[in-house]
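Chemist: Quick one: the structure is below, questions incoming.
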Amino acid sequence: MSEYIIKNGHVFDPVQGIKGDKKDIAVKDGKIVDKVGSGAKVIDAKDKTVMAGALDIHAHVAGPKVNAGRWYRPEDKHFDSHKKPGITRIEGGKSIPTVFKTGYEYARMGFTFAMEAAMPPLYARHVHEEIHDTPIIDEGALPVFGNNWFVMEYLKNNEIENTAAYIAWILRQTKGYGIKCVNPGGTEAWAWGLNCLTIHDPVPYFDITPGEIVTGLMKANEYLGLPHSFHVHQNDLGNPGNYKTTLDTLKLAEGIKPKNTFGREQVLHSTHLQFHSYKGTNWGDFESASKEVMDYVNKQKNITIDTGNVTLDETTTMTADGPFEHHLHGLNHLKWFNVDVELETAAGIVPYIYDPNISVCAKQWCIGLELALFAKDPMRCFITTDHPNAGPFTRYPRVYAWLMSKKYRDERLNTFKNADKVIAGTHIGGMDKELSLYELACMTRAGPAKALGLGKDYGGLKAGMNADIAIYNINPDKFPSSGAEIEKAFSNVAYLFKDGKICVEGGKVVDMGKKHTFWVDAKVPENKQVMHDIREKFLRYYSVNENNYPVPESYAPHQHIITVDATKA
Amino acid sequence: MNTVTLTVKKQPELYLECENVNPDAFAGKKAADIAKLGAYQGKETSTLGDYFTIAGEAGATAADTKIVINGDCTKMKYIGAKMTAGEVVVNSACDMYTGSWMKGGKLTVNGDVHSFCGLAMAGGEFVINGNAGNYLGAAYRGDWRGMSGGVLRVKGNAGSDVASFMTGGEMIIGGDVDIHLGTHMEGGKIVLKGNANRRVGGQLVKGEIYVFGKINVMMPGYKPVGEKEMEVDGTKATFVDYIGDLGERHPKRKGETVYGHLYMKK
Amino acid sequence: MPKEITDVICPFCGTLCDDLIITVSDDNKTILGCKNACAIGAEKFNHQRLPGRVKRPRMRQADGSYKEVSYDEAIDWTAKMLVKSRKTLMYGWASTSCQAMSIGHEIAEKVGGIVDNCATVCHGSSLIAIEDVGVPSCTLGEIKNRADRVIFWGCNPAHAHPRHMSRYSIFPRGFFTVKGHKGRKIYCVDCRYTDTAKCADEFIQVQQGFDYELLNAFRTAARGEVLPDTVGGVPKEKIYEIVEDLKSARFGIIFFGMGLTHTMGRNHNIDIAINLTRDMNDFTKFAIMAMRGHWNVTGSGQVLGWQYGFPYAVDLSRRDQARHQTGETTSVDLLNRSEVEACFYIATDPGAHFPVDAMISSSRKPTVTIDPHINCTTEISDLHIPVAMVGVETGGCAYRMDNVPIETRKVVEPPEGMLTDEELLTKINQRVDELLKAGA
Amino acid sequence: MAAKKITLNMITCRTIQQGVGMEAGKTTQKYFDACTIMHMHPDDMKKLGVWKNTNVKVTSSVGSVIVKAVETREDLVPGLAHIPMGPWANRIVPAYTFSTGEPCFKGFPVDVEIAANERILGAVEVLQDACGLIRK
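Chains as they are written, first to last, in my numbering: chain A, 2 to 570; chain B, 7 to 272; chain C, 998 to 1437; chain D, 9 to 144.
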């Protein structure tokens, strides 16, 4: 395997606290090393920015609802499906790119990892078929548990150990990475056309509340000592006044301590917080609650968040929050897709246009940016667009530019149709903060890597770490004055190293690399009760046989298996 | 306004994709440059010069460019598609996508057109002096934005699924139409001089359909609410006013429900 | 000593039953028995050992007879045909594995093919409708566990999906449906009094071709508006009565089939049925599902979906872009208009299932058919390449009618030296690469 | 006095026998028996004056095919006829798709006349015959 030496780049690495100093990075056999031989290929990074490969902690990039969103929206790519010269395949889709475009575009932007944010266990085989076909980037997937019959029945009686044993079984069957929870209880209620809007609403027939589900899953997560924490999409997403429910949910983490061997410090990751930080009682008096929410997050050390930035595009919303999508369809009347998944979850899809001329959309744009700008600890706040819900991930460069240039975001803010109304209902107008490259490295590299329990090998440039490296055409000494330039620089890396191999050069994909599928194998004490319950449920309620449920090995040819042992718990 | 004249000199074996035959692509080009523009049959890329003799030169902009096409274009797709200005006159029948996604200018076809013509037309004037196929002025698959502006005039008959998802603009059909006229319509105006087969205005939210002839089977979701004396496309007549589709959702304006209207000439 | 293989997936219809038990001889060569399968599924497994099965490719001769050729010759002929043709119809895929499809798409992208699957003459109409208005649906287990109103509209599972009613829709007892059939009200809407109708609590006979009007009447009634005295032969009183009963459901489901997709209006019949389902969700919980026919036609749509963003009729003929327009890039239209120069059929039999005019057009073009058995299409093709039966002699992923993927199982060895779809397509792909490199 | 020729509304659908026959093999007797029949309503048979299990010639806008008239199990209304899907049915199915990709498998008019002594072609034969691949 070849050796490289990346010379004279401005290095930004929160793992080592390096803030733009000129430093050489040596690469050998897929790892970052202290030094390499004289034969090493030299990469001139003079006047360039060098960071670790970025990690997307929350994106919908593979699986049944993502794909439904693709094929039921031919109009999303009728004029946007092209093959670029070179080794790449045809790339289609604006709001939901095909698997090929997904891999290429992430790589071109300097990403080396993306976490599929919601995997219905019954559809795990589909998720992994798509991950298998997505080039270059490493991926993992989070199975959803928040409306799972086993989980609700165990937690009703506060049986953390059984819950954990079941979760461990599911992670193994589905090659899953951690515990995702979407609209706890609300999605099961949706199977009857109902919902749970607070953490106290009882779940029909299951005699449990969303709050109990959240607490139980958090405890089960720490019982198992998984690399990632409990990852939640709270109840009442997208409604004015929902920040109260958001705070109620976050407070459930108080007093719960992280227990793991991966250096992870949070016990709860609150995702696409923008959608959960709304004040007001209706869309008329709708206002930003980013301050209230971030004030709490900033002082609560065992919580991490991601933003869910609205990019003001036409996109396709999709979530396991079935009732929300039905609600959204009632608002915009665009084509509604819904799937309820037996014993486990549901999903909905509705196209949505974030129109800058509509003040609600403009305020949502403000709130997303405010979250990142209010964040005191960039290692606990990560930038996402909840792809494709608030906008396609291909817009990250523009979001970065808005966050790094007050001028750029004010240009946008002041040209909104109802700018005054928008500014009055939000904080952004008065915020001068501009993110630094170092903070960006925290929010897109070191931070998400640490929160996912991957901090030892990913998200940094320390010797011994995996050689996933992004080199951008940005000279920190002459930082681009225009937002458009910042966008351009982050859209196409000068170089992307993946596992020590150059996969992108000058924005062009030159190598498909060797993508890995990350999953967690959790060892738990033998649990006859849970195994019996599983057999029983498959015999009586599932529509597939237990033996046809697991994801076959062949679906993940290059596995990166992280093992945890909870037998001594 | 400069005129470029294209004369067909060779027929494609399959169908020729002529996405470059429109004033926007020709603007600022001399005959020789126009001849170099691409034309496609499957994976074979050739040039307009291979299929047409090209005379004259285009104006500086689309607006001052006129294109006249002579010879048999029955197997040519995308003529005038996406044009934003200028004029195109085709003295022949054309294949699919003629005048689709048209934004401005004037397109005249002195012959029949196949299916998917005038798709999602947003502006300009499109005149078909023959018959039209299916999905005339409809939306592209999956899109809820069909014809939104401009005027589309057909002298003869049109096929099925005409003006699906229409949101604006005006369509006048001189002859008859097959099934499904104005399905999912949410605005705009359709004038049908002849007869409709079945399923007129199904799932219609908003908009107006005027029918001078007969409809084989009326949709159950339509209900007569009175008569109106009106002048429609130059003809004065009494029309029975049906509101509908009563099975579909309808917007409210100032508390009042806004229905779609189907006007049947008495 | 014969052995039993359990949890075997049935590669016949979209129900994708996964509880078959197949007995095979100890040399893994012969299927001796088949439990739990329906009559059709059982026949498929029996077919594996029928005498006279073709084991090597066959090339048609000038005199119309067929001569055996080697796999290498067949692969070379196929690759050359694909590379030469400016536009090739690559149709079928519904009876092969998703893994095989992937390789096929790679070939199509290189040679300029139009990839279309059996939905094109089956549930293509449904896919158009879903593209237009979406679809509120669910997995089959949800029906079993929750549904108390079940409507079969223009579908006949008793004949087309024989175990559907017992596994999911009418008879099974589930978590919230402990009474099974007794707890469910079954409606059947059809122009014929089918065997499915005979299992229903209520049969509504609609005049053939009037489904759209009747569904419009259902929606109109649901909004409390007036109706004509009869719609499609159904009295308005009956329509109001049914709509009220549907509103009182806890969980309702509409299953539909060819009765809607093939009749006048095609996609619009499904479109409005979906809209009725959507309306019903304002009153209670309702879902709707297409009764997909071929066991893996859904899978083809899924793979095309994640690779190109369209469910079928994917036009890659320009090689630098993917396009999709039913009515233009759909197989029957391409053949009617003679818009392709060659035909590549795999895991399907258009000869039996396309209208004759389309096949006459097809028979005038160079044609390769890849199928385990002799069928109508193989006998009008220039070349027939036999392959192992997917789901019987080799595994691979398939998607059920509710889009749930299940990895099918290999139960016996294919005949000596016979290639699988995956192996064959891989070799064709390699040969295509060689030819393109050589600038052929 | 029975009519020489009657016009019916034709639909082509799957039957379980057709499914079984198809999986048994397109060239098998099972398939032939399952697909070379036309289900008719007794009233229509009377109108045409045709006995059960008599061969009839069915003609649509695209062509003709010989099949065997049978009394239906799955009741049809008078005026509606059904031939199971397969090469025989498709010999008369109009290929017109209304630009949807789906031909007119269901709901097209056909003329039916008695053809007691005409032979029903085999599955491959009926297609090869149409494609002009049979050397006469």
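We put the CB at the ideal spot given by N, CA and C, even for glycine. These numbers were taken from a predicted model, which means no experiment stands behind them.
Who are B/P230's beta bridge partners in DSSP?
Modeler: In the second sequence, the residue the question calls residue 230 of chain B occupies position 224. B/P230 is bridged to B/Y248.
Chemist: Give me the Cα-Cα distance between A/A254 and A/V233, rounded to the nearest whole angstrom.
Modeler: Reading the first sequence from its first residue, position 253 is the one you call residue 254 of chain A. Reading the first sequence from its first residue, position 232 is the one you call residue 233 of chain A. Going by the C-alpha atoms only, they are around 11 angstroms apart.
Chemist: Classify D/N98 as buried or exposed, calling it buried when 16 or more other Cβ atoms lie within 10 Å of its own Cβ.
Modeler: Numbered from 1 along the fourth sequence, position 90 holds the residue referred to as residue 98 of chain D. By the 10 Å Cβ count, D/N98 comes out buried.
Chemist: Determine the burial state of D/W59: buried for a count of at least 16 other Cβ atoms within 10 Å of its Cβ, exposed for fewer.
Modeler: Along the fourth sequence, read from residue 1 onward, the residue named residue 59 of chain D stands at position 51. Exposed, by the Cβ-count rule.
Chemist: Is B/G174 closer than 8 angstroms to B/G200 when the C-beta atoms are compared?
Modeler: The sequence position of residue 200 of chain B within the second sequence is 194, counting from 1. The sequence position of residue 174 of chain B within the second sequence is 168, counting from 1. Against a cut-off of 8 angstroms, the Cβ pair of B/G174 and B/G200 comes out as no contact.
Chemist: State yes or no: is the C-beta of B/V183 within less than 8 angstroms of the C-beta of B/D239?
Modeler: Locating residue 183 of chain B in the second sequence gives position 177, where the first residue counts as 1. Locating residue 239 of chain B in the second sequence gives position 233, where the first residue counts as 1. No, the Cβ-Cβ distance between B/V183 and B/D239 is not below 8 angstroms.
Chemist: Quick one: is B/Y226 near chain C, going by C-beta distance under 8 angstroms?
Modeler: The residue given as residue 226 of chain B occupies position 220 in the second sequence. This sequence places Pro at residue 226 of chain B; Tyr is not what is there. Taking Cβ atoms only, chain C reaches closer than 8 angstroms to B/P226, which makes this a yes.
Chemist: Quickly, what does DSSP pair A/N184 with across the bridge? List them, please.
Modeler: On the first sequence, residue 184 of chain A is found 183 positions in, with the first residue counted as 1. The partner list for A/N184 (beta bridge, DSSP) is empty, contrary to what the question assumes.
Chemist: Counting only C-beta atoms, is D/S69 closer than 8 angstroms to chain B at any point?
Modeler: As a first step, residue 69 of chain D is located in the fourth sequence; it is residue number 61 there, counting from the start. So, not an interface residue.
Chemist: Measuring only the C-alpha atoms, how far is B/I73 from B/G136?
Modeler: Taking the second sequence and counting its residues from 1, the one referred to as residue 73 of chain B is at position 67. Taking the second sequence and counting its residues from 1, the one referred to as residue 136 of chain B is at position 130. Answer to the nearest angstrom: the Cα atoms are 19 angstroms apart.
Chemist: Enumerate in chain order the residues of its own chain whose CB-to-CB distance from C/L1212 is below 6 angstroms, with the five nearest sequence positions on each side excluded.
Modeler: Looking up residue 1212 of chain C in the third sequence gives position 215. So the list reads I1269, A1270, L1273, once near-sequence residues are dropped.
Chemist: In chain order, what are the residue ranges of uninterrupted beta strand (DSSP E) at least 3 long that sit wholly in the stretch 36 to 69 of chain A?
Modeler: You should have 42 to 45, 50 to 53, 55 to 60.
Chemist: At a Cβ cut of 9 angstroms, what residues of the stretch 1279 to 1305 of chain C count as close to chain A, listed as they run along the chain?
Modeler: Answer set for the stretch 1279 to 1305 of chain C: D1279, F1280, T1281, K1282, F1283, A1284, G1298, Q1299, V1300, L1301, G1302, W1303, Q1304, Y1305.
Chemist: Output yes or no for whether 8 angstroms exceeds the beta carbon distance between B/Y248 and B/P230.
Modeler: For the purposes of this step, residue 248 of chain B is taken as the residue at position 242 of the second sequence. For the purposes of this step, residue 230 of chain B is taken as the residue at position 224 of the second sequence. Yes, they are a contact pair.
Chemist: Verify the CB distance criterion: does C/Y1342 have a CB-CB separation below 8 angstroms to chain A?
Modeler: Taking the first residue of the third sequence as position 1, residue 1342 of chain C is located at position 345. No, its Cβ sits nowhere closer than 8 angstroms to a Cβ of chain A.
Chemist: Mind listing which residues of the stretch 99 to 125 of chain D have their C-beta closer than 8 angstroms to chain B's C-betas, in chain order?
Modeler: Listed by position, the residues of the stretch 99 to 125 of chain D near chain B (Cβ gap below 8 angstroms) are F106, S107.
Chemist: Do A/A447 and A/G430 have their CB atoms nearer than 8 angstroms?
Modeler: The sequence position of residue 447 of chain A within the first sequence is 446, counting from 1. The sequence position of residue 430 of chain A within the first sequence is 429, counting from 1. For A/A447 and A/G430, no; Cβs fall outside 8 angstroms.
Chemist: Skipping 5 residues on each side, what residues in its chain have a beta carbon closer than 7 angstroms to that of C/E1210?
Modeler: Indexing the third sequence from 1 puts residue 1210 of chain C at position 213. Cβ within range, chain order: V1228, G1229.
Chemist: If we ignore side chains and look at the alpha-carbon of each, how far apart do C/N1033 and A/T445 end up?
Modeler: As a first step, residue 1033 of chain C is located in the third sequence; it is residue number 36 there, counting from the start. As a first step, residue 445 of chain A is located in the first sequence; it is residue number 444 there, counting from the start. Each residue's alpha carbon lies about 53 angstroms from the other.
Chemist: With 8 angstroms as the threshold, decide whether the Cβ of A/W366 is near any Cβ in chain C.
Modeler: Numbered from 1 along the first sequence, position 365 holds the residue referred to as residue 366 of chain A. No, its Cβ sits nowhere closer than 8 angstroms to a Cβ of chain C.
Chemist: Determine, for C/N1153, whether the minimum Cβ-Cβ distance to residues of chain D falls below 8 angstroms.
Modeler: Taking the first residue of the third sequence as position 1, residue 1153 of chain C is located at position 156. So, interface residue.
Chemist: Nearest to C/T1327 by alpha carbon, out of C/K1000, C/A1395, C/G1121?
Modeler: By 1-based counting over the third sequence, the position of residue 1327 of chain C is 330. Nearest C-alpha to C/T1327: C/G1121.
Chemist: Applying the 10 Å Cβ sphere with the 16-neighbour rule, what's the burial state of A/R541?
Modeler: Taking the first residue of the first sequence as 1, we reach residue 541 of chain A at position 540. Its Cβ having fewer than 16 others within 10 Å, A/R541 is exposed.
Chemist: Whole angstroms are fine: how far does the CA of C/K1081 sit from the CA of B/E50?
Modeler: Translated into positions along the second sequence, residue 50 of chain B becomes position 44. Translated into positions along the third sequence, residue 1081 of chain C becomes position 84. Near 10 angstroms, if we compare the C-alpha coordinates of C/K1081 and B/E50.
Chemist: Would A/L344 pass as an interface residue toward chain C - the criterion being a Cβ-Cβ separation below 8 angstroms?
Modeler: Working through the first sequence from its first residue, we reach residue 344 of chain A at position 343. Closer than 8 angstroms: yes.
Chemist: Classify C/V1408 as helix, strand or coil using the three-state DSSP reduction.
Modeler: Within the third sequence, numbered from 1, the residue matching residue 1408 of chain C stands at position 411. Residue state, collapsed to three classes: coil.
Chemist: Give a yes or no on whether the minimum CB-CB distance between C/A1270 and chain D is below 8 angstroms.
Modeler: As a working mapping, residue 1270 of chain C is identified with position 273 in the third sequence. With 8 angstroms as the cut-off, C/A1270 does not count as an interface residue toward chain D.
Chemist: Rounding to the nearest angstrom, what Cα-Cα distance links A/L455 and A/F263 in this structure?
Modeler: Translated into the one-based positions of the first sequence, residue 455 of chain A becomes position 454. Translated into the one-based positions of the first sequence, residue 263 of chain A becomes position 262. Between A/L455 and A/F263, the C-alpha separation is close to 7 angstroms.
Chemist: Would a C-beta distance cut-off of 8 angstroms place B/A91 and B/P29 closer than the cut-off?
Modeler: The sequence position of residue 91 of chain B within the second sequence is 85, counting from 1. The sequence position of residue 29 of chain B within the second sequence is 23, counting from 1. Closer than 8 angstroms, so yes.
Chemist: Output needed in chain order: residues of the stretch 38 to 50 of chain B with a Cβ under 8 angstroms from some Cβ in chain C.
Modeler: Answer set for the stretch 38 to 50 of chain B: Y46, Q47, G48, K49, E50.
Chemist: Specify whether the stretch 75 to 92 of chain A and the stretch 486 to 496 of chain A touch according to this definition: at least 3 beta carbon pairs, one from each stretch, less than 8 angstroms apart.
Modeler: No, because fewer than three Cβ pairs between the stretch 75 to 92 of chain A and the stretch 486 to 496 of chain A fall closer than 8 angstroms, the two stretches do not touch.
Chemist: Mind listing, in chain order, the continuous beta strand (DSSP E) runs of no fewer than 3 residues lying wholly within the stretch 284 to 344 of chain A?
Modeler: You should have 304 to 307, 315 to 320, 337 to 342.
Chemist: If the criterion is Cβ atoms closer than 8 angstroms, does the pair A/D57 and A/M153 meet it?
Modeler: On the first sequence, position 56 is the one that residue 57 of chain A refers to. On the first sequence, position 152 is the one that residue 153 of chain A refers to. No, they are not a contact pair.
Chemist: Spell out whether any CB of chain B is found under 8 angstroms from the CB atom of A/Y73.
Modeler: Translated into the one-based positions of the first sequence, residue 73 of chain A becomes position 72. Closer than 8 angstroms to some Cβ of chain B, the Cβ of A/Y73 qualifies, so yes.
Chemist: Between D/K76 and the rest of its own chain, which residues show a CB-CB distance below 8 angstroms, the 5 nearest in sequence each way excluded?
Modeler: Along the fourth sequence, read from residue 1 onward, the residue named residue 76 of chain D stands at position 68. Here the set comprises T44, I45, M46, N61, T62, N63, V64, I128.
Chemist: Suppose contacts are defined by Cβ-Cβ distances below 8 angstroms. Is D/A42 in contact with D/Q26 by that definition?
Modeler: In the fourth sequence, counting from the first residue as 1, residue 42 of chain D sits at position 34. In the fourth sequence, counting from the first residue as 1, residue 26 of chain D sits at position 18. Yes, the Cβ-Cβ distance between D/A42 and D/Q26 is below 8 angstroms.
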